[in-house]
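Numbering (the UniProt record's numbering), first residue to last: 1 to 175.
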């Protein structure tokens with residue numbers, strides 16, 4: 001790729017201005033563990049529009065990931081007639097929780113988001129799940145989560161690492 005819509009200056013601003021050196025930014029969000037392995041977690045530009053407020057799903061995920069009971073989290077924007085989109089959380093817990101405990105944890109996760117980002121970012125739903133859908137590379141398939149939440153076709157899942165993750169999410173959403 002050498003330009004964005006024949007706008008070379010925009011191309012440079014969009015992809016080469018994130019670092020002091022002339023480095024290309026793919027706008028992917030990743031972490032490197034203590035052993036030197038890199039895990040791609042998602043896009044840095046995943047943004048949802050909640051009642052006119054642009055919210056980064058990553059910021060909501062970070063607010064929730066700090067909770068002691070959460071192992072992994074994914075946030076999507078689900079269509080809402082009134083607000084445009086609302087945040088919806090899918091979280092794997094470090095230990096299996098009974099339904100009452102899961103409801104308590106869900107309320108705590110909502111409160112974590114409100115305290116860190118404000119009431120506008122409060123998740124409409126929090127779903128404790130057994131596993132999140134990931135590609136073989138480890139990247140979360142948020143588009144599949146969004147499709148399931150909105151009762152749409154999930155699309156191409158040929159790179160899905162564990163098809164059972166989507167089955168578990170379907171069961172949780174059906175409750």
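Every residue, glycine too, gets a C-beta built ideally from N, C-alpha and C.
Check	Outcome
Where are the alpha helix (DSSP H) runs, 4 residues long or more, that stay fully inside the stretch 6-62, in chain order?	8-16
Can you tell me whether DSSP reads residue 77 as helix, strand or coil?	strand
I'd like the span of the beta strand (DSSP E) that includes residue 131, first residue to last.	Premise fails: residue 131 is in no beta strand (DSSP E) and is neither H nor E.
With DSSP as the reference, identify every bridge partner of residue 140, one or two as the case may be.	134
Pop quiz: residue 123 and residue 87 are said to be a contact at Cβ under 8 Å. What is the actual Cβ separation, rounded to whole angstroms?	5 Å
On a CA-only basis, which of 167, 148 and 111 is nearest residue 79? Give me that one, please.	148
Below 7 Å CB to CB, which residues in the same chain sit around residue 136 once its five sequence neighbours on both sides are set aside?	159 and 161
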